[in-house]
Structures are given as structure tokens and as C-alpha cells.
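Be aware that the sequence shown starts at 48, since it is given in UniProt numbering, and climbs by one per residue. Shown next, in C-alpha cells, is the structure this report addresses.
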Amino acid sequence: WRAQYSTKPEPPKEVTINSKTYPVDPEWFNVSSTILNLTSRKLHLQKDHPVSITRQIIESVFPSPTYLAYNNLDPVVSTHENFDSLGFPPNHPGRAKTDTYYINGTTLLRTHTSAHEAELFKASKSPGYLISADVYRRDEIDKSHYPVFHQMEGARVWDRNTVPNGDVVSAVYKDLEALPKHDMIIEDPNPPFHPDRNPLQPSHSAEEAEAVGKHLKRSLELMVAEIFKRVKESHARAGIQHGSEPLKVRWVEAYFPFTSPSWELEVWYQDGWLEILGCGVSQQHILRDAGVASQIGWAFGLGLERIAMLLFQIPDIRLFWSRDERFLGQFRGVEGDWGKMRPFVGFSRHPACYKDVSFWLPGHGGGGAGAAGGRGGEGEWHENDLMEVVRDVCGDVVEDVVMMDSFTHPKTGRRSVCYRVNYRSLERTLTNEEANGLHERVKGEMVGRLGVEIR
Ligand code: FA5
Ligand code: MG
């Protein structure tokens with residue numbers, strides 16, 4: 048599997064994304080053309096696409112003029128916007144090249160919509176805002192992870208200088224009273240906090256933080272209630288019987304550098320708790336740096352695909368990127384007529400084709416590994432690099448990649464790992480020859496690009 052297979056192109060001098068051009072630094076650049084090609088898709092804005100439908104349903108729970116929606120912000124942001132402005136420490140693992148797509152040392156594809164918080168806290172003309180956008184993360188391959196997905200960020204502030212009598216607590220409770228009620232069962236409505244990870248912020252009174260947290264939770268519970276109301280209606284239309292099992296959700300303590308306290312909201316789904324969003328009381332440093340130090344408020348970030356999968360019973364995240372009419376056709380017309388919403392009917396599943404690959408990791412105990420593959424000096428082996436090779440070679444034909452085995456040779460200290468790749472297209476049956484051909488190419492690229500030694 049030597050060099051003949053390694054087709055990794057030389058990095059370009061510059062890249063153009065959404066008609067803006069950025070200089071490439073080959074030391075940092077790790078965006079494959081597969082990913083670059085997805086920057087123009089903007090599924091959240093594509094008419095009748097389930098991601099766009101989901102966005103609109105959630106937007107309806109956060110109406111204007113209180114909340115203004117921003118749906119066209121550029122995916123290319125600075126490391127400052129994505130990390131520093133939010134208080135990520137310099138050594139935070141999310142900054143690593145193995146996790147984030149970089150164009151150069153200071154320019155990257157946003158990993159979350161929070162990258163726009165500072166700019167919108169500063170610029171938004173309303174007390175709340177929503178941002179829907181494509182986000183990018185180097186990640187594992189399975190049915191709920193894709194390197195590009197869509198998030199919606201939401202935020203809401205109150206200004207000490209403009210609320211009556213400067214009394215934020217009363218103002219927040221007044222707005223809370225005005226929100227609708229719901230009858231969902233919330234397990235753990237108030238999970239305990241670790242004060243070291245989620246301290247009360249120095250500039251907040253305990254009453255303020257509590258009031259803001261309550262408004263945040265109620266707002267998001269109403270969002271979930273709306274989603275599940277739509278699920279029930281669409282199931283009824285499709286003649287699917289619902290047991291009387293109530294919807295179950297719960298709040299769990301979370302940690303984000305840009306909120307304190309912080310929570311995640313989980314929904315009971317198919318026998319497990321599914322995390323759908325993170326949120327919290329915004330760190331005052333962000334508001335201060337945005338020039339609005341007199342404000343206090345909350346923010347959340349949710350995964351639109353995660354919610355769309357619940358809403359339409361979509362079983363595999365790859366489907367969202369399909370251009371197959373058997374997928375897209377099932378949502379046609381819904382934006383003009385919500386009564387057309389129906390659960391997704393999966394097309395027949397094609398057989399799985401499992402292929403294993405075992406290899407020695409580079410750079411351990413001799414073996415001339417230092418010379419392997421032109422990525423010398425890169426340092427640590429990271430599984431996400433393998434995932435990226437698989438995606439580059441196979442596109443969406445791989446359903447998941449799972450580590451099966453790992454061992455360290457007692458004498459040489461070299462580590463060997465085995466992964467199982469599941470070749471299964473959503474759209475057609477693969478022949479064994481085709482899967483073999485792809486697997487051979489994957490192995491070749493692993494040798495050429497990652498410097499591993501196939502066993
Ligand atoms: C964040 O991205 C924070 N920016 C969220 C936030 C915003 C917290 C504002 C506080 C205040 P996290 O990495 O957990 O957090 O992602 C948020 C949501 O995005 C997850 O709950 C999940 O619904 C979705 N998500 C995360 N990773 C993926 C993925 N690989 N594929 C699909 N959805 C994902
Ligand atoms: Mg999370």
C-alpha cells in the first residue's frame with residue numbers, strides 16, 4: 048500500500064468559500080475538498096428540507112420582535128471569535144487540528160454558532176436573537192455524527208439600565224409569567240451544581256441568576272413541547288398509534304467556558320437519554336467585551352439534525368445530505384402547508400459489508416516510522432484522522448467506523464489497533480468488489496497520509 052495510493056493533494060495557496068478568498072497556511076490547512084464542497088449547501092435554508100423545517104418550527108417558539116433571526120452568517124470565522132472571545136483556555140482540546148478544520152493559524156470553519164455571540168450581543172437590535180448555521184467538526188463516523196451539521200444559537204438579555212427601577216429580577220419574572228405553560232414531565236428540573244465548575248458569577252446576585260435560569264429553562268421546555276406536539280400530530284396523520292407514554296425530559300449539569308451555571312437538556316428517545324442542547328447564564332465577560340456590560344442574560348445552542356431526527360424519525364444523519372428524491376420528496380410542500388408533515392418512511396436498508404483493518408500506529412518504537420508518509424512531525428495519532436481518510440475515499444458510503452481492538456507490543460512498545468468499517472450505502476446495494484476496492488484505497492491512504500503500517 049505504498050505511495051501509489053496516496054493521492055492527498057498539495058494544499059492550495061488560497062481557498063474561496065462563499066465568494067470570499069482566504070490565504071491558506073499549509074502548516075494548518077486540513078479542510079478536504081469534500082468538506083469545502085459542503086460549505087455551499089446550507090441545508091437550514093433549503094426549502095422543504097427537514098433541517099429548514101425544524102429551524103422554522105423552533106423559530107416560531109422564539110418570535111420576533113423579541114428574537115431576531117440571523118441565518119446567513121459566514122462559516123469562516125477567526126480563532127478569536129470561535130474560542131478566545133468565549134473564554135476557551137489556550138490548551139482546550141477543541142482547538143486541536145484533530146478536532147477543528149483550519150484554513151490557517153487564525154482562520155477556521157466555525158465549530159459552533161457560539162462563535163457569533165460576541166458580535167450579536169454587540170449588534171443585535173432586539174433583546175434576543177437566534178442564529179442558525181452550518182458548523183464543522185472533525186469527528187467520528189456513525190449514525191448521529193457528521194463532520195458538518197447545523198446548530199441554532201439563541202440568546203436573551205435584560206438591561207439593568209432600562210428595566211423598571213433597575214430591577215432585573217422583577218423584569219425577568221414578569222417575562223416568565225407571560226410565557227405559556229406546558230404539562231411535560233421534567234425529571235431533575237434543578238440538578239445540583241458543582242460550585243467549582245459552575246460558580247455564581249461575581250457580578251450576579253443569586254436571585255438574578257436564578258430568575259434568568261428559570262426563564263431559560265421554561266423557554267427551552269416550550270420548544271421541546273412544540274416539537275413533540277408536531278411529532279404527535281404527524282404520527283396521527285400517518286395513522287401511527289401513540290401509547291400514552293408521556294414525553295420525558297431532564298436537565299443535567301454541564302460545563303461551558305462561556306456560561307455559568309450551565310445545563311444540558313436531554314430527551315428520552317429510543318431507550319436512552321439523547322442530549323439535544325447546551326445552555327446557561329452567559330458569562331459576563333462576553334457581554335462586557337461586546338460593550339453591553341449592563342446586560343445579563345442566557346444563551347443556548349442546539350443541534351438541528353438531532354431535533355429533526357426526533358421530529359421525522361430520520362434514522363441516519365447522512366440522509367440529510369442526500370439529493371435522492373426518495374428522501375427529499377417526502378418533505379415537499381411542508382413549508383407551505385404544515386398539515387403535510389409526516390414521519391419519514393425509510394427506504395429499504397441495504398446489506399452491511401464489514402471490513403477490518405489492523406495496523407501499527409506511527410512513531411512508536413523504531414521501525415523507521417519517522418520517515419513514513421510525509422506527515423512526520425505531526426506527532427500524535429488521532430482516530431479523527433482515520434475518519435477523515437474514510438470520508439475522503441468513500442464519501443457517504445460508510446455507515447460507521449468502530450474500534451475493535453487495541454494492544455501494545457510488550458517488547459517494542461508499539462501499539463496496534465483494529466477498526467471495523469461498515470460499508471453500507473443508504474441508496475443502493477454495494478457489491479463486494481466495490482467494497483473491497485474502497486477498502487484497499489482506504490488502506491493505501493492510511494499508509495500514505497497517516498504513516499501507519501498495515502498488518
Ligand atoms: C456547543 O456547541 C455550545 N456552543 C452550546 C452552547 C451554546 C452552550 C450557548 C451554552 C450556551 P455542544 O458541543 O454540546 O455545545 O453542541 C451543542 C449541540 O449540538 C449538542 O447538544 C447536539 O445537539 C449538537 N451536536 C453536537 N455535536 C454534534 C454532531 N457531531 N452531530 C450532530 N449534532 C451535534
Ligand atoms: Mg455537548
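Glycine included, every Cβ here is placed at the ideal spot set by N, Cα and C. All figures in this text were calculated on a predicted structure; none of them were measured in a lab.
- Per the coordinates, the alpha-carbon of Glu57 lies some 22 Å from the alpha-carbon of Pro194.
- At a Cβ-Cβ threshold of 8 Å, Glu492 and Val448 do not count as neighbours.
- Excluding five sequence positions before and after Asp371, the CB atoms of its chain that fall closer than 6 Å to its own CB belong to Glu474, given in chain order.
- Around Pro238, the same chain offers Trp298, Val299, Glu300 as residues with beta carbons nearer than 6 Å, after the five sequence neighbours per side are excluded.
- In this structure, Glu435 lies away from Arg157, with their beta-carbon atoms at least 8 Å apart.
- Sequence-distant Cβ neighbours of Val381 in its own chain, meaning closer than 6 Å and more than five residues away, are Asp95, Ile100, Lys387, Met388.
- Beta-bridge annotation (DSSP): Asp206 is paired with Gln342.
- Taken from the Cβ of Thr306, at least one heavy atom of ligand 1 lies inside 7 Å.
- Within its own chain, the residues whose Cβ lies closer than 8 Å to the Cβ of Val489, once the five positions on either side in sequence are excluded, are Val404, Val436, Val437, Val440, Cys441, Val468, listed in chain order.
- Taking a contact as a CB-CB distance under 8 Å, the pair Ala346 and Glu200 counts as one, their CB atoms being some 7 Å apart.
- Phe196 is classed as buried because its beta carbon has at least 16 other beta carbons within 10 Å across all chains shown.
- Approximately 6 Å separates the beta-carbon atoms of Tyr470 and Val445; this is inside 8 Å, confirming the contact.
- Three or more Cβ pairs drawn from the stretch 59-76 and the stretch 140-160 lie within less than 8 Å of each other, which places the two stretches in contact.
- If one requires a minimum length of 3 residues, the beta strand (DSSP E) runs lying completely within the stretch 267-353 are 295-303, 306-316, 319-329, 342-350, in chain order.
- About 5 Å separates the beta carbon of Ser341 from that of Asn208, a gap short enough to meet the 8 Å contact definition.
- Annotation for Tyr302: Arg244, Ser309 place their beta carbon closer than 6 Å to its own, counting only its chain and skipping 5 residues before and after.
- Sequence-distant Cβ neighbours of Arg284 in its own chain, meaning closer than 8 Å and more than five residues away, are Gly386, Met388, Arg389.
- C-alpha of Lys402 to C-alpha of His486: approximately 7 Å in a straight line.
- Within the same chain, and ignoring the five residues on either side of Tyr148 in sequence, the residues whose Cβ sits closer than 7 Å to its Cβ are Asn77, Val78, Ile82, Leu155, Leu156, Tyr183, Arg185.
- A distance criterion of 7 Å places the beta-carbon of Tyr193 in contact range of ligand 1, judged by its closest non-hydrogen atom.
- In this structure, the beta-carbon distance from Gly175 to Phe305 does not fall below 8 Å.
- Residue pairing by DSSP puts Trp407 in a beta bridge opposite Ser463, Glu500.
- Beta-bridge partners assigned by DSSP to Pro70: Glu61.
- Under the three-state reduction of DSSP output, Thr154 falls in the strand class.
- In this structure, Leu115 lies near Ser173, with their beta-carbon atoms less than 8 Å apart.
- The DSSP assignment places complete beta strand (DSSP E) segments of no fewer than 3 residues inside the stretch 94-159 at 114-117, 123-125, 149-151, 154-156, in order along the chain.
- Counting other Cβ atoms within 10 Å of its Cβ, His159 reaches 16 or more and is therefore classed as buried.
- The DSSP-derived three-state label of Tyr401 is strand.
- Bounds of the alpha helix (DSSP H) holding Ala482 are 479-492.
- Around the beta carbon of Gln288, fewer than 16 other beta carbons sit within 10 angstroms, so the residue counts as exposed.
- The distance from the Cβ of Leu223 to that of Arg277 is about 24 Å, inconsistent with a contact at the 8 Å cut-off.
- Arg353 has its Cβ nearer than 7 Å to a heavy atom of ligand 1.
- A buried status is given to Leu312, since no fewer than 16 other beta-carbon atoms sit within 10 Å of its beta-carbon.
- The DSSP-derived three-state label of Thr86 is coil.
- Put simply, the stretch 100-109 does not touch the stretch 160-169. Fewer than three CB pairs are less than 8 Å apart.
- Residues of the same chain with a CB within less than 6 Å of the CB of Lys144, apart from the 5 flanking positions on each side, are Asn77 in chain order.
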